[in-house]
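J.: Protein chains in written order, with the numbering used here: chain A, 1 to 315; chain B, 1001 to 1608.
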Amino acid sequence: MTAPAPAPPPEATTAPRVRRREWLHILTGAARTPRGMAGSGLVLLVVLLAVTGPFFAAYPPLQFVTTPGAPPSSKFPLGSDILGRDVLSRVLDGGWQLLLMATAAMLIGIVLGTAAGIAAAQLRGWRDGVIMRTVDVILAFPQLVFALLLVSILGPTRWLLVVAVGLSHAPQVARVIRAAALDVSERDFVKAVEITGVRQSRVMSGEILPNLLTPLMVEAGLRLTYSIVIMTGLSFIGFGLQPPAPNWGYMINENRIILTTNPWAVVAPAILIAVLTVGLNTFTDAIARVALGIERAEKLIAEASGTGSVAEIPA
Amino acid sequence: MTVTTAPARLVVEGLTVAAVGSGATIIEDVSVRVAAGEVLGVVGESGSGKTTLGLAMVGHARRGLEIAAGSVCLDGADLFSLSPAELRKLRGAAMAYVPQDPSSAINPSLRVGGQLKEILTTHGRQGAEADARLQEVLAEVGLDSRHGILSVYPHQLSGGQQQRVAIAMAFACRPGLIVLDEPTTGLDVTTQRTVLETVARMCASYGVAAVYVSHDVVVVGELSNRVAVVYSGRVVETGATADVFGAPAHPYTQGLLRAVPSPERSGRLVGMEGVPPRPGQRPPGCGFAPRCPLVIERCTVAMPELVPTDRTGQLARCVLVETGQAHTEGALASASGQDLAEPAESGAAPVLQVTGLDAFYGQRQVLFGIHLAVPQETCVAIVGESGSGKTTLARCIAGLHTSWTGEVRYGGRPLTPGIRRRPKDVLRGIQYVFQNPYASLNPRRTVGGLVAQPVENLAGRRRGRHNDEKILDALRSAALSVEVVNRYPDQLSGGERQRVAIARTLAVSPTLLVCDEVTSSLDVSVQAAVVELLRRLQRQHGLAMVFITHNIALIRSIAQQVVVMHDGQIVESGTVADVLDHPRADYTRQLLDDVPKFSAAITGASDA
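So this is what it looks like as structure tokens:
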């Protein structure tokens, strides 16, 4: 063996590198696509409004300022609601809590679901059976109904609501992540670490989890959207955030009686929820495309820099 | 420029294929001619552009690519000036293409008969005529249509049968040109032998102009009349096969030939480091200059021209040939070196002793009563075709396959089937190198992290220290530059990845290394380098080694003892010299016969 340590091939430094903070690369990459731009634009619009809104509200959101169900006027641009409060002020103030709670619920769902999914995929056998059959039972309920069930047991406190929605996400996440983790756990690099006698928990966290970035990012986007939909849905039927604090979901419910006199009291929060969810979904879609594109590109690079590989190169 | 007198049927002139958008050229300025009845071999490593060239010859550019310049004329008609409809008429009728993987080339939902008939009826043969032709062509590829093969689905056929069906489809309409792209890659040697014989016979009897694209120098040497060696998208050497392989003028051709293992010659393989430059990143001068052992300054300035060598009809693209300094002395002759020393016959207990091992997949038994002993500091090669159970045996030893009975003793101690109950020093002592380095390295870890993992897990070292001396030493032992320590696997070539996988095992100082087909996903030039590395490491570290391979030709270059497996049983074992020179089992003899070999014309020319 006379060949010295080979100099790194020149292309190694110029090929696309996405490793450190890969999620950030995917996010910025997605935001640069037309689809991602549209999606993130819509989301940012609503988020900005919800976060800075409370500082710009002209009236306290709980104060009765005019006659109930008043149509828009110069003093009250969106009119007043069923109890005579300023709709604009309530819209501006009614979003940030929803966003915070939806995000928290998403995180709970992702963490629990991912843990269950990876464990099922890696441990196999009866543990897989127990985890996934439990998931199947929960999935038999529509998600909203399951969340409703939990809320009615746990009670409609703000943080219990978050936990309930988060729990209702977990089975869905678990299913997706298990499928992806099964694929990863069969790969040789996992076996290579297993035969060093390392604990299963380390294999799961060190080898499998980092290779689930793409499905995790997509799931996070999706679950955030669903969190918003379910939370507003729960608020609408009266199980969510309790009045009198303003929130978009409950506003739609309480003001639907005055739809004829001041439609804005219903339409304004509805539009915001619609814009937010559509935007989130679009952006998630962009993430999926970019992340898959990167994965595919990696595969192509592996093939091109490659091998006379028997199995991997499609004809 | 052709040596044959027959008029050229396929004429490729100045063909350039480039990527749409970036304009990076995949193949550049390629000119070849193929006459009727002639087989042109196109040889190159992966990434050389040979498949793109093969497809362009039938007028096709893959998605994302376009024909940027040049022409491909079949019987005088320029393929690129034809409309898509006209091209479609020619395809299957006047020209045919046999892709690498038959299982993806044949429609899985059509019966074989329907599939073949489709081609015939599409190109104007109907009814009884089509049926007759169908029977005829099937018989020609050695498939008997009476045995109901027409009514089976492709997945019911073996790989070799599928490939023969694909070849039958290609020849069905008696085309004038046929392009075969690696039709035997992925097939066992025995199957490869029958497919190669079929191809050779069909090409000869049909008088077709054939192009055989392959990375396998020996197969091309056996099959082709003329050969074009492709590197970095250009033809670097072309001429009669006996001339090019017998007296290669280009350093790349010489390197390729030196890297080829042989079941007859023992000795060291000489590999070529590195990978072909990627399209769009090719150097201004000779594409091979960065890897060339004979590189001079002029090589990196401008691309040399294809100029004649001292043999008629042989052209090479090399500065040395231009200046008349090339020495074309036989690369094959120089490759055969000293014999591998016999293992030290010692009375010491074997490192690994397998006794009466039966292994199962569910209800199915895949290994039957395996007996195997690996003496200290000895490499035992286990050779067999796919399905022979050789990988299962390796996995049983390493603890990756747990469903077995019998006894495996390591250093005198019996091993449990699973990894979980094996003590740490056993896990450390037996190290495993996986077949495919593209799958065995976690893409999210740096090289340093990957090599540090077994040390941390098995030698109880503190975590997170990825570039201390122990790690760097392991990298150096595997002939890697220490700079790779902070790289990720996808920044490395296939050969470098496999070195990282080897370094990872060295870091814990094992006594037994189990290598499972470690070179089968690598190019032959890289394979040679990796095999040499393993051989050197085995010597230096006094390792016992189990080297699993399907390639019987490799054995002489690495092992001292060999075990031949077939259908889950050991059919023959002994020292390499005994088994390969005087095979006793019919199966071993068959395997040895089926290995492609250079003809006497080529090896003879090398002595001249």
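We put the beta carbon where it would ideally sit given N, CA and C, even for glycine.
1. Taking the straight line between their C-alpha atoms, what separation do you get for ALA1544 (chain B) and SER1557 (chain B)?
2. Under a three-way DSSP split, which group does THR1194 (chain B) fall into?
3. Give the residues of chain A in contact with LYS1424 (chain B), contact being defined as C-beta atoms less than 7 Å apart.
4. Do you know whose CA, among B:GLU1038, B:LEU1157, B:THR1191, lies nearest ASP1593 (chain B)'s CA?
5. Please compile the residues from chain B whose C-beta is within a distance smaller than 9 Å of the C-beta of PRO210 (chain A).
6. What are the start and end residues of the beta strand (DSSP E) that includes ARG1445 (chain B)?
7. Whole angstroms are fine: how far does the CA of THR277 (chain A) sit from the CA of VAL229 (chain A)?
8. The region 160 to 194 of chain A: which residues have C-beta closer than 7 Å to a C-beta of chain B, in chain order?
9. In the DSSP assignment, the beta strand (DSSP E) including GLY1114 (chain B) goes from what residue to what residue?
10. Under 8 Å, Cβ to Cβ, is there at least one residue of chain A near ILE1552 (chain B)?
11. ASN1486 (chain B) versus chain A: which residues are under 8 Å apart at the beta carbon?
12. Along the chain, where does the beta strand (DSSP E) that runs through ILE1370 (chain B) open and close?
13. With H, G and I counted as helix, E and B as strand and the rest as coil, what does DSSP make of ASP1188 (chain B)?
14. Does any C-beta atom of chain A lie closer than 8 Å to the C-beta of GLY1399 (chain B)?
15. Below 7 Å on C-beta distance, what does GLN1453 (chain B) contact in chain A?
16. Measuring alpha carbon to alpha carbon, tell me which residue in B:GLY1280, B:GLY1021, B:LEU1010, B:GLY1044 is nearest VAL1524 (chain B).
17. Buried or exposed for ARG32 (chain A), going by 16 or more other Cβ atoms inside 10 Å?
18. Taking the runs of the alpha helix (DSSP H) that are 4 residues or longer, which of them lie wholly in the region 1210 to 1268 of chain B?
19. Any C-beta of chain B sitting closer than 8 Å to the C-beta of GLU207 (chain A)?
20. Suppose contacts are defined by Cβ-Cβ distances below 8 Å. Is ILE1471 (chain B) in contact with VAL1485 (chain B) by that definition?
21. Thinking just about the alpha-carbon of each residue, which of A:LEU148, A:PRO142, A:ILE273, A:PRO243 is nearest to the one in VAL46 (chain A)?
22. Taking C-alpha atoms, which residue in B:PRO1437, B:ILE1548, B:THR1519, B:ARG1088 lies nearest to ARG1504 (chain B)?
23. Rounded C-beta distance between ALA1096 (chain B) and PRO1175 (chain B)? I'm assuming under 8 Å.
24. Applying a beta-carbon distance threshold of less than 8 Å, which residues of chain A neighbour LEU1427 (chain B)?
25. Residues of chain A with CB under 9 Å from PHE1434 (chain B), in chain order?
26. Mapping DSSP to helix, strand and coil, what is ARG187 (chain A)?
27. What are the complete alpha helix (DSSP H) segments, minimum 4 residues, inside the region 251 to 299 of chain A?
28. Do GLY1233 (chain B) and ILE1026 (chain B) count as a contact pair if the criterion is CB distance below 8 Å?
29. How do the region 1563 to 1576 of chain B and the region 1365 to 1382 of chain B stand: do at least 3 beta-carbon pairs fall below 8 Å, yes or no?
30. Would you say the beta carbon of ALA181 (chain A) is closer than 7 Å to some non-hydrogen atom of the ligand COA?
31. For chain A, check one thing: does any of its Cβ atoms lie closer than 8 Å to the Cβ of ASN1457 (chain B)?
32. Along chain A, which residues have their Cβ under 8 Å away from the Cβ of ALA1439 (chain B)?
33. List the residues of chain A whose Cβ lies closer than 7 Å to the Cβ of ILE1419 (chain B), in chain order.
34. Can you tell which of B:SER1262, B:THR1446, B:ALA1394 has the C-alpha that lies nearest to the C-alpha of ARG1487 (chain B)?
35. Between the Cα of ARG1440 (chain B) and the Cα atoms of B:ARG1499, B:GLY1418, B:ALA1394, B:VAL1165, which residue gives the shortest distance?
36. Which same chain residues end up closer than 7 Å to ASP1075 (chain B) when comparing Cβ atoms and leaving out the 5 residues on each side of it in sequence?
T.: Judging by the given coordinates:
1. 16 Å
2. helix
3. GLY197
4. B:THR1191
5. ASN1442, PRO1443, ARG1444, ARG1445
6. Counting along the chain, ARG1445 (chain B) falls outside any beta strand (DSSP E), and DSSP gives it neither H nor E.
7. 8 Å
8. ARG187, ASP188, PHE189, LYS191, ALA192, VAL193, GLU194
9. GLY1114 (chain B) -> not in any beta strand (DSSP E); alpha helix (DSSP H) instead, spanning 1112 to 1122.
10. no
11. Simply none; closest approach about 10 Å.
12. 1364 to 1374
13. coil
14. yes
15. VAL193, THR196
16. B:GLY1044
17. exposed
18. 1217 to 1223, 1241 to 1246, 1251 to 1258
19. yes
20. yes
21. A:ILE273
22. B:PRO1437
23. 4 Å
24. ILE195, THR196, GLY197
25. ASP188, PHE189, LYS191, ALA192
26. coil
27. none
28. yes
29. yes
30. No copy of the ligand COA occurs in the structure displayed, which carries no ligand at all.
31. yes
32. ARG187, ASP188, PHE189
33. GLU194, ILE195, GLY197
34. B:THR1446
35. Correcting the residue type first, residue 1440 (chain B) is Ser in the shown sequence and not Arg. SER1440 (chain B) has its Cα closest to that of B:ARG1499, out of B:ARG1499, B:GLY1418, B:ALA1394, B:VAL1165.
36. ARG1009, GLY1176
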